[in-house]
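With our numbering, the residue at position 47 of the sequence shown is 1012, and numbering never jumps.
No residue lacks a Cβ here, since even glycine has one placed at the ideal position from N, Cα and C.
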Amino acid sequence: MDIATWWQLLSADSRDWLVEHNGEPLDPSVRDEILAVNGGETNPSWWVGDSTDGESELTDSAVDWIEEFANGEQ
């Protein structure tokens, strides 16, 4: 599932967190919700995965998409 599709399935709180903390490692609850709305599936177009210290991250293109959304471009 692409980010434009699953974005609408997230809670407003998770979307707000992603906008406010764009580019940062994911909060565990936000990570869990993203995985839940995707049925546990990830897509390399938006999911980097877990770093060596166990933090989950989104790709640069996903970060850019969220920034565009925040700026009203999506």
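Ignoring anything shorter than 3 residues, give me the beta strand (DSSP E) runs that lie fully in the segment 981 to 1026, in order along the chain. You should have 1012 to 1015, 1021 to 1023.
Note down, in chain order, each residue of its chain lying with its Cβ closer than 8 Å to the Cβ of D992, except the 5 sequence neighbours on either side. Residue mapping note: residue 992 aligns to position 27 of the sequence shown, counting from 1. Taken in chain order, the residues that qualify are W982, H986.
S976, buried or exposed, once every other Cβ within 10 Å from all chains shown has been counted against 16: Position 11 of the sequence shown, counting from 1, holds the residue named residue 976. Burial call: exposed.
Rounded to whole angstroms, how far is the Cβ of A1027 from the Cβ of I968, which I believe are closer than 8 Å? Counting from one through the sequence shown, the residue named residue 1027 turns up at place 62. Counting from one through the sequence shown, the residue named residue 968 turns up at place 3. Confirmed, Cβ separation roughly 5 Å.
Would you check if the distance between the CB atom of W1030 and the CB atom of V1002 is smaller than 8 Å? Residue mapping note: residue 1030 aligns to position 65 of the sequence shown, counting from 1. Residue mapping note: residue 1002 aligns to position 37 of the sequence shown, counting from 1. Contact flag unset, no.
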